[in-house]
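In what follows, a single structure is set out as C-alpha cells and then discussed.
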Amino acid sequence: MGQIEWAMWANEQALAAGLSECEGVWGVWGTPGSVLVCLLEYPRSKRQKGSTMERCGQKYLTAVVKLLGPLTRNYYIRAVLHAALAVPAGFLLSTILGTVCLGIASGIYLLAAVRGEEWRPIEQKPRERPQGGGTMKPPPSNPPPRPPPDARRKQPEVGG
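So our numbering is basically just the index in the sequence shown, starting at one, shifted up by 9.
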C-alpha cells in the first residue's frame, strides 16, 4: 500500500477553515487572516505519484505562491502560521468551527513537514502534436468481419 500524502489532507482542511472563518467576522485581524489562508491554500500541491487535479484558476495563485518561495513551500512555516491564526479566532463562538479546522490543519501540516513533504507546483506539460509519419498503420485491406489470422492466408487458386 502507498504512503499517505498528509499535505493534501491539510490543504483541504485549511481551505475549509479559511472559508468558514470568512463568514464569522472577528475584527481587523481575522478577516485578512482568513483571506490569507484561503489564498495560500487554494493552489494544490503536486502529488508525488499519480496525477493531481488542478483547481479552477489555480495557475494564477500558483504563480504568487511560487514567488514567495520557501515561506509558502515549507510546511513547518504553514503549520506555525495556521496555529498562530487559530489562537485569536478561538475566543469567539462564531469562528470556533474554523478555529478547530485550522488547528487540525496545523497539526497535519506539522506531520507532513516531519515526513519530509514540501509544496510543489503543478506544472502544465506542453502537449506534443502527434507526428503523421511512420507511426501510423495502414488501413485494413479486407472489410469486416475479418477472419481469424489462421484463415487469412490466401487459399491456393483452383484454375481450370
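Just so it is clear, CB atoms sit at the ideal spot from N, CA and C, and this is done for glycine as well.
Everything numeric in this text was worked out from a predicted model, so none of it was measured.
Considering Cα atoms alone, identify which of Leu-45, Ser-29, Glu-50, Glu-30 is closest to Glu-21. Locating residue 21 in the sequence shown gives position 12, where the first residue counts as 1. Nearest option by C-alpha distance: Glu-50.
Closest by CA to Leu-111, which one among Gly-78, Ser-43, Ser-54, Pro-158? As a first step, residue 111 must be located in the sequence shown, where it is residue number 102. Measuring from the Cα of Leu-111, the nearest candidate turns out to be Ser-43.
When we look at the beta-carbon of Tyr-118 and count the other beta-carbons within 10 Å, is it buried (16 or more) or exposed? Sequence index remark: in the sequence shown, residue 118 carries index 109 (1-based). Classification for Tyr-118: buried.
For Glu-127, the three-state DSSP class (helix, strand or coil): Counting from 1 along the sequence shown, the entry for residue 127 is found at position 118. Coil, per DSSP.
At a cut of 8 Å, does the segment 76–93 reach the segment 123–133 through at least three beta carbon pairs? yes
Using the Cβ count rule (16 or more neighbours within 10 Å means buried), how would you classify Leu-24? As a first step, residue 24 must be located in the sequence shown, where it is residue number 15. Answer is buried; the Cβ neighbour count reaches 16.
Measuring straight from C-alpha to C-alpha, what distance separates Ala-91 and Met-145? Reading the sequence shown from its first residue, position 82 is the one you call residue 91. Reading the sequence shown from its first residue, position 136 is the one you call residue 145. Position check: residue 91 holds His in this sequence, whereas Ala was assumed. For His-91 and Met-145, the distance between alpha carbons rounds to 55 Å.
With 16 other CB atoms within 10 Å as the buried threshold, where does Gly-78 fall? For this step, residue 78 is matched to residue 69 along the sequence shown. Counting Cβ neighbours within 10 Å, Gly-78 comes out exposed, since fewer than 16 surround it.
Tell me the residue span of the alpha helix (DSSP H) that contains Leu-77. Reading the sequence shown from its first residue, position 68 is the one you call residue 77. Where Leu-77 is concerned, there is no enclosing alpha helix (DSSP H), given that its DSSP letter is neither H nor E.
Classify Lys-146 as helix, strand or coil using the three-state DSSP reduction. The residue labelled residue 146 in the question sits at position 137 within the sequence shown. Lys-146: coil per DSSP, three-state reduction.
What distance in whole Å lies between the Cβ atoms of Thr-61 and Arg-53, which are believed to be in contact at a cut-off of 8 Å? Here residue 53 corresponds to residue number 44 of the sequence shown, with the count starting at 1. Here residue 61 corresponds to residue number 52 of the sequence shown, with the count starting at 1. Contact flag correct, Cβ pair sits at about 6 Å.
Just to confirm, are Ile-13 and Thr-71 a CB contact at a threshold of 8 Å? On the sequence shown, position 4 is the one that residue 13 refers to. On the sequence shown, position 62 is the one that residue 71 refers to. Going by C-beta atoms, Ile-13 is not nearer than 8 Å to Thr-71.
Mapping DSSP to helix, strand and coil, what is Arg-87? Locating residue 87 in the sequence shown gives position 78, counting from the first residue. Of the three classes helix, strand and coil, the one that applies to Arg-87 here is helix, per DSSP.
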